[in-house]
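Peer 1: If you read the protein sequences in the order shown, they are chains H and S.
Going by the numbering used here, the letters in the first sequence line up with residues 121 to 234, in that order.
Going by the numbering used here, the letters in the second sequence line up with residues 68 to 180, in that order.
Where is the CB? At the ideal position from N, CA and C, for every residue including glycine.
If you're wondering where the values come from, they're calculated on a predicted model, not measured in any experiment.
If you scroll down you'll find the structure; I have some questions about it.
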Amino acid sequence: DGGITQSPKYLFRKEGQNVTLSCEQNLNHDAMYWYRQDPGQGLRLIYYSQIVNDFQKGDIAEGYSVSREKKESFPLTVTSAQKNPTAFYLCASSTTGGLAYGYTFGSGTRLTVV
Amino acid sequence: AQSVTQLGSHVSVSEGALVLLRCNYSSSVPPYLFWYVQYPNQGLQLLLKYTTGATLVKGINGFEAEFKKSETSFHLTKPSAHMSDAAEYFCAVSPTGNTPLVFGKGTRLSVIA
Chain H
121 DGGITQSPKY LFRKEGQNVT LSCEQNLNHD AMYWYRQDPG QGLRLIYYSQ
171 IVNDFQKGDI AEGYSVSREK KESFPLTVTS AQKNPTAFYL CASSTTGGLA
221 YGYTFGSGTR LTVV
Chain S
68 AQSVTQLGSH VSVSEGALVL LRCNYSSSVP PYLFWYVQYP NQGLQLLLKY
118 TTGATLVKGI NGFEAEFKKS ETSFHLTKPS AHMSDAAEYF CAVSPTGNTP
168 LVFGKGTRLS VIA
């Protein structure tokens, strides 16, 4: 079945450590997105990519980095520069040509700083 | 910049009662509008969407929403709440359909037996 797979489901980070969250899709979608979810804050856009080897910053990109070397994959790295990384991270994808069909979401990664 | 306002961070209804979750948006052009549902520790699932055409849209699980341009609203309704409807609901907008979705802060729906 087609879908988006995020891994791991739970991730623990020590202070000063970089961690990478995986997002893989087999929907043949061109566009992929990373959102951060905090209680009472809704979803805030971190980065998005509409084509391989190209990506744009969202509203809260500081302390995060991404790559888009393959159409299927859009990993997110949470760097040590991100001072408050504890959150639920959601990856999504959509078809080319816009959002007529909305997003398909992964099941999320919960990141906790220890 | 576009924004989405969901009135009420928490709504509580009795089982069998009407569900009404409010969403207002700001957009300079007719937008693409969406409602998503999220169950605990899961991703979001699309309930329904408005892109063009009929302003009353029907979605899954008996939900529907009406796009009212004059009121810049896209409220979500369901005639009769079920216990399984308890979840968090997000309204989202994209002004052009080619820009990333902007989400509201969400409304948590509780259903009381």
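Take residue 130 of chain H and list the residues in its own chain whose beta-carbon comes closer than 6 Å to its own, dropping the five residues that flank it on each side.
Peer 2: 230
Peer 1: Based on DSSP bridge pairs, tell me the residues matched to residue 200 of chain H.
Peer 2: For residue 200 of chain H, which the question treats as bridged, DSSP gives no partner whatsoever.
Peer 1: Using the DSSP secondary-structure output, state which residues sit across from residue 133 of chain S in a beta bridge.
Peer 2: S/123, S/142
Peer 1: When you compare the CB of residue 227 of chain H with every CB in chain S, is at least one pair closer than 8 Å?
Peer 2: yes
Peer 1: Take every Cβ of the region 137-144 of chain S, pair it with every Cβ of the region 211-228 of chain H, and state whether three or more of those distances are shorter than 8 Å.
Peer 2: no
Peer 1: Quick one: measure Cβ to Cβ for residue 158 of chain H and residue 207 of chain H, integer angstroms, because I've assumed they're closer than 8 Å.
Peer 2: 5 Å
Peer 1: For chain S, is any of its Cβ atoms less than 8 Å away from the one on residue 223 of chain H?
Peer 2: yes
Peer 1: Assuming residue 167 of chain S and residue 165 of chain H are in contact, meaning their beta carbons sit under 8 Å apart, how far apart are those beta carbons, in whole angstroms?
Peer 2: Right, their Cβ atoms sit about 5 Å apart.
Peer 1: Helix, strand or coil: which one does DSSP assign to residue 128 of chain S?
Peer 2: Secondary structure of residue 128 of chain S (DSSP, three-state): helix.
Peer 1: Who are residue 91 of chain S's beta bridge partners in DSSP?
Peer 2: S/72, S/140
Peer 1: Is residue 199 of chain H near residue 138 of chain H, with beta carbons less than 8 Å apart?
Peer 2: yes
Peer 1: Report the CB separation of residue 90 of chain S from residue 71 of chain S in whole angstroms; it is logged as a contact under 8 Å.
Peer 2: Rounded to whole angstroms, the Cβ separation of residue 90 of chain S and residue 71 of chain S is 6 Å, and the two are in contact under 8 Å.
Peer 1: Does residue 141 of chain H come within less than 8 Å of chain S when only Cβ atoms are used?
Peer 2: Not an interface residue.
Peer 1: Distance, Cα to Cα, residue 195 of chain H vs residue 203 of chain H?
Peer 2: 20 Å
Peer 1: Short check: CB of residue 126 of chain H to CB of residue 150 of chain H, under 8 Å?
Peer 2: Going by C-beta atoms, residue 126 of chain H is not nearer than 8 Å to residue 150 of chain H.
Peer 1: Tell me the rounded alpha-carbon separation between residue 99 of chain S and residue 157 of chain S.
Peer 2: 14 Å
Peer 1: Determine the chain S residues that contact residue 161 of chain H at a beta-carbon separation under 7 Å, and present them in chain order.
Peer 2: Near residue 161 of chain H (Cβ distances below 7 Å), the residues of chain S are 172.
Peer 1: Determine, for residue 92 of chain S, whether the minimum Cβ-Cβ distance to residues of chain H falls below 8 Å.
Peer 2: With 8 Å as the cut-off, residue 92 of chain S does not count as an interface residue toward chain H.
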